[in-house]
Amino acid sequence: MIMEAPEKTLRAAEAPAPEAGSGQILIRVRACGVCRTDLHIVDGELPDPKLPLILGHQIVGVVEETGDGAERFALGNRVGVPWLGYTDGTCRYCRSGRENLCEDARFTGYQIDGGYAEYAVADHRFCFPIPDGYPDLQAAPLLCAGLIGYRSLRMTGDAERLGLYGFGAAAHIVAQVARHQGRRVFAFTSTGDIEAQSFARKLGAVWAGDSEQPPPEQLDAAIIFAPVGSLVPAALRAVARGGVVVCAGIHMSDIPSFPYELLWEERSLRSVANLTRRDGEEFLALAPEIPVRTEVTPFALDNANGALGDLRDGNIRGAAVLVVG
Ligand SMILES: [Zn+2]
Ligand SMILES: [Zn+2]
0 MIMEAPEKTL
10 RAAEAPAPEA
20 GSGQILIRVR
30 ACGVCRTDLH
40 IVDGELPDPK
50 LPLILGHQIV
60 GVVEETGDGA
70 ERFALGNRVG
80 VPWLGYTDGT
90 CRYCRSGREN
100 LCEDARFTGY
110 QIDGGYAEYA
120 VADHRFCFPI
130 PDGYPDLQAA
140 PLLCAGLIGY
150 RSLRMTGDAE
160 RLGLYGFGAA
170 AHIVAQVARH
180 QGRRVFAFTS
190 TGDIEAQSFA
200 RKLGAVWAGD
210 SEQPPPEQLD
220 AAIIFAPVGS
230 LVPAALRAVA
240 RGGVVVCAGI
250 HMSDIPSFPY
260 ELLWEERSLR
270 SVANLTRRDG
280 EEFLALAPEI
290 PVRTEVTPFA
300 LDNANGALGD
310 LRDGNIRGAA
320 VLVVG
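In numbering that gives the first Met the number 0, the protein residues as written are 0 to 324.
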């Protein structure tokens, strides 16, 4: 499924399978998760995508060919490909354990062709083994919703009362991890989304309600997954002294101005960008222990536009995943 240009629907096309170059593996794709970032790319909200582009950065597939030096995986191994597709390894961020901020990073399904296709190639150094016990479809959302959600959760420190704004693919995973860690989860959805609220309660949220509502008690931290800038002052208002608000998305509408007293008393506001390979290794080891169970809505590959449309309209429960192989 090819994106020729932003703001155009994806087009089904036939193309020869790519070949694994030096350090790369060729993957026969079995499933690929659909992420809100894909929507931001399609909508032209992220600058300078590769064009034409194959979207998709939550790839689960099987190694079919290995290039020179790509010795981490053997033919037939089941692997996952995440958003972080390349780093230079030499900049000040890479050298200080912050490769997620690499100045020359390239991202899967953005600057590198991704998994909305039968085949993909990836740099073996940035792929992960998929834990046994997760079917392909259920594994796919772990690779971005899970990884970025996990990194965001870590940024909340040991917050006991945790607010999640936007209860989609990432939040439905984070809620399970947070609960396992003994935190209490408060879920905020768009106004009147009763179904998402009951889904949140089913996954262990102690409270679920509209994002315009204050929670029944103050929070220690909040993570904002919805791309809605007005949630920032709302979340700051909901957190107690010393509380942290984490913006987990790559794009957000403008944040309205707000009085300083919302930030006062050592509240802090930060974003989370991308992932490190260490985040991936940690989370993919933790997920089966909890165990995290992902709820997925499957779509055929040639219905990728339908999956993106349903995600845009808020009609996905859990995560949307393209079924490829
Ligand atoms: Zn993503
Ligand atoms: Zn770097």
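Idealized CB from N, CA, C, for every residue including glycine.
Taking Arg10 as the reference, which of Asn304, Gly313, Arg311 has the closest Cα?
On the sequence shown, position 11 is the one that residue 10 refers to. When each option's Cα is compared against that of Arg10, the closest is Asn304.
Please report how far the alpha carbon of Glu288 lies from the alpha carbon of Phe166, in whole angstroms.
Looking up residue 288 in the sequence shown gives position 289. Looking up residue 166 in the sequence shown gives position 167. Straight-line Cα distance between these residues: approximately 23 Å.
Is Thr188 near ligand 1, with its Cβ less than 7 Å from a heavy atom?
The residue you call residue 188 lines up with position 189 of the sequence shown. Incorrect: Thr188 has no Cβ contact closer than 7 Å to ligand 1.
Is any heavy atom in ligand 1 found nearer than 7 Å to the beta carbon of Cys126?
Start at 1 with the first residue of the sequence shown, and residue 126 comes out as number 127. No, the Cβ of Cys126 stays beyond 7 Å of every heavy atom of ligand 1.
What residue does the alpha helix (DSSP H) around Ser151 start on, and which one ends it?
Start at 1 with the first residue of the sequence shown, and residue 151 comes out as number 152. 144-153 is the extent of the alpha helix (DSSP H) around Ser151.
Report buried or exposed for Ile129, applying the criterion of at least 16 other Cβ atoms within 10 angstroms of its Cβ.
Locating residue 129 in the sequence shown gives position 130, counting from the first residue. The residue in question, Ile129, is buried, as its Cβ has 16 or more Cβ neighbours within 10 Å.
Helix, strand or coil at Thr36 [DSSP, three-state]
The sequence position of residue 36 within the sequence shown is 37, counting from 1. It is helical.
Roughly how many angstroms lie between the CA atoms of Lys7 and Leu52, to the nearest whole one?
Mapped onto the sequence shown, residue 7 falls at position 8. Mapped onto the sequence shown, residue 52 falls at position 53. When rounded, the distance between both Cα atoms is 12 Å.
Check whether the Cβ of Asp87 lies closer than 7 Å to any heavy atom of ligand 2, and answer yes or no.
As a first step, residue 87 is located in the sequence shown; it is residue number 88 there, counting from the start. Flag set: Cβ of Asp87 near ligand 2.
Quick one, which of Glu260, Phe224, Pro258 has its alpha-carbon nearest Ile249's?
Along the sequence shown, read from residue 1 onward, the residue named residue 249 stands at position 250. For Ile249, the nearest C-alpha among the options comes from Phe224.
With distances taken from each beta carbon to the nearest heavy atom of ligand 1, which residues come in below 5 Å, in chain order?
Cys34, Thr36, Cys143
Assuming Ser197 is part of the alpha helix (DSSP H), what are its boundary residues?
Here residue 197 refers to the residue found at position 198 when the sequence shown is read from its first residue. Its alpha helix (DSSP H) spans residues 193-201.
Taking only three categories from DSSP, how would you classify Arg105?
Reading the sequence shown from its first residue, position 106 is the one you call residue 105. Note: Arg105 maps to strand in three-state DSSP.
Does ligand 2 have even one heavy atom less than 7 Å from the beta-carbon of Asp278?
As a working note, residue 278 is residue 279 in the sequence shown. Outside the cutoff, so no.
Is Asp122 a contact residue of ligand 2, with contact defined as CB to any heavy atom under 7 Å?
Residue numbering aside, residue 122 sits at position 123 when the sequence shown is read from its first letter. No, the Cβ of Asp122 stays beyond 7 Å of every heavy atom of ligand 2.
Between the C-alpha atoms of Leu285 and Leu307, what's the straight-line distance to the nearest angstrom?
Counting from 1 along the sequence shown, the entry for residue 285 is found at position 286. Counting from 1 along the sequence shown, the entry for residue 307 is found at position 308. Rounded to whole angstroms, Leu285 to Leu307 spans 29 Å at the Cα level.
If Leu274 sits next to Pro15, beta carbons under 8 Å apart, how far is it from one beta carbon to the other, in whole angstroms?
In the sequence shown, residue 274 corresponds to position 275, counting from 1. In the sequence shown, residue 15 corresponds to position 16, counting from 1. Contact doesn't hold; Cβ gap of about 31 Å is too wide.
DSSP puts Thr188 in a beta bridge; with which residues?
As a working note, residue 188 is residue 189 in the sequence shown. Answer is Asp209.
Three or more C-beta pairs below 8 Å linking the segment 43-52 and the segment 60-70
no
Gln175 and Ala186 - do their beta-carbons sit closer together than 8 Å?
For the purposes of this step, residue 186 is taken as the residue at position 187 of the sequence shown. For the purposes of this step, residue 175 is taken as the residue at position 176 of the sequence shown. The answer is no: Cβ separation not under 8 Å.
Starting from the Cα of Gly191, find the closest Cα among Gly20, Gly313, Gly66 and give me that residue.
Numbered from 1 along the sequence shown, position 192 holds the residue referred to as residue 191. The shortest C-alpha separation from Gly191 is found at Gly313.
Please report the residue range of the beta strand (DSSP E) in which Ile58 lies.
Looking up residue 58 in the sequence shown gives position 59. Start and end: 58-65.
Can you tell me whether DSSP reads Ile315 as helix, strand or coil?
Position 316 of the sequence shown, counted from the start, is the residue given in the question as residue 315. Correct three-state label for Ile315: coil.
Closer than 7 Å to a non-hydrogen atom of ligand 2 - does that hold for the CB of Tyr109?
Along the sequence shown, one-based indexing puts residue 109 at 110. For ligand 2, not one heavy atom lies less than 7 Å from the Cβ of Tyr109.
Whole-angstrom distance between Glu216 and Arg124, CA atom to CA atom
As a working note, residue 124 is residue 125 in the sequence shown. As a working note, residue 216 is residue 217 in the sequence shown. Taking the straight line joining both Cα atoms gives about 44 Å.
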